[in-house]
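Data block below; observations after.
Chains as they are written, first to last, in our numbering: chain A, 855 to 968; chain B, 4 to 117.
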């Protein structure tokens with residue numbers, strides 16, 4: 855089955871700098887790649903996703919890049935703020951039909967220091 | 004916005020005990036999921052369902068049963084709880100179709116098996 859590796863287990867940046875979290879996946883059939891955020895002591899919520907028909911997507915300060923050849927995708931958070939501090943999970947899925955199963959990475963704990 | 008609730012929020016049981024975790028979603032989503040979150044392992048899928056009466060096996064199903072009784076309700080059953088099942092459990096739901104890819108997570112249930 856699909857395996858998703860999240861390369862940074864922890865990441866520390868200064869407020870205002872950019873943060874980059876990298877993930878790789880194994881299944882070439884995967885075509886949907888979401889990111890979820892978990893603030894301390896809270897549940898997860900969706901932040902951004904990308905599908906395999908594009909290689910870049912931006913939502914405000916969040917940018918997701920996808921390199922299908924390398925089976926790699928990344929989350930870039932620009933102009934980081936203290937409220938960006940959280941655990942970020944990447945995930946991968948094969949879309950279509952009833953296959954709605956996500957495989958998550960182990961998470962990256964991002965600390966934004968002011 | 005999707006509403007996913009879980010009960011209980013905290014549970015302590017003993018080895019060999021019988022535990023049922025409950026999840027309810029009120030957005031008429033087809034898909035429901037049970038995950039466990041453990042430090043060093045991230046989020047792992049236990050079971051999921053795409054409708055009442057349906058059950059799909061996840062990635063870490065051993066020791067767990069699940070039942071989807073209605074569109075709204077999904078239960079996770081631990082019939083002989085073991086200390087290795089001490090974890091934070093999340094339920095999630097998702098709509099049907101590629102345009103409804105986001106999973107909505109409940110607040111979590113912290114289970115301790117002594």
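Glycine included, every Cβ here is placed at the ideal spot set by N, Cα and C. This one's a predicted model, so the numbers in the text were calculated from it and none came from an experiment.
Around the beta carbon of residue 894 of chain A, fewer than 16 other beta carbons sit within 10 angstroms, so the residue counts as exposed. When rounded, the separation of the alpha-carbon atoms in residue 71 of chain B and residue 867 of chain A is 43 Å. Within 8 Å of the CB of residue 93 of chain B, the CB atoms of chain A belong to 897 and 898, in sequence order along the chain. Bridge pairing for residue 96 of chain B: B:35 and B:107 [DSSP].
With a contact defined as Cβ atoms closer than 8 Å, residue 45 of chain B and residue 958 of chain A qualify at about 5 Å. The closest CA to that of residue 18 of chain B, considering only B:81, B:51 and B:86, is found on B:86. Scanning its chain for C-beta atoms nearer than 7 Å, with the 5 sequence neighbours on each side dropped, one finds around residue 858 of chain A the residues 877, 879, 944, 945, 946, 957, 958 and 959, in chain order.
In this chain, the beta strand (DSSP E) harbouring residue 901 of chain A covers 898-905. Taking CB atoms only, residue 45 of chain B has a neighbour in chain A less than 8 Å away.
At a cut-off of 8 Å between beta carbons, residue 104 of chain B contacts chain A. Bounds of any beta strand (DSSP E) do not take in residue 62 of chain B, whose DSSP letter is neither H nor E. For residue 888 of chain A, the enclosing beta strand (DSSP E) stretches over residues 886-892. CA-CA distance, residue 913 of chain A to residue 963 of chain A, rounds to 21 Å. Within the same chain, 886, 887, 888, 889, 911 and 918 come within 8 Å of residue 903 of chain A by CB-CB distance, once the 5 residues on both sides are set aside.
Taking the C-beta atoms as reference points, residue 89 of chain B is found no nearer than 8 Å to residue 63 of chain B. The contact set of residue 62 of chain B on chain A, defined by CB atoms closer than 8 Å, consists of 855 and 957 in chain order.
Residue 921 of chain A: member of the beta strand (DSSP E) spanning 916-921, first to last residue. Nearest to residue 860 of chain A by alpha-carbon distance, out of A:892, A:925, A:961 and A:934, is A:961.
The DSSP-derived three-state label of residue 859 of chain A is strand. In the structure shown, residue 76 of chain B falls within a strand segment according to DSSP collapsed to helix, strand and coil.
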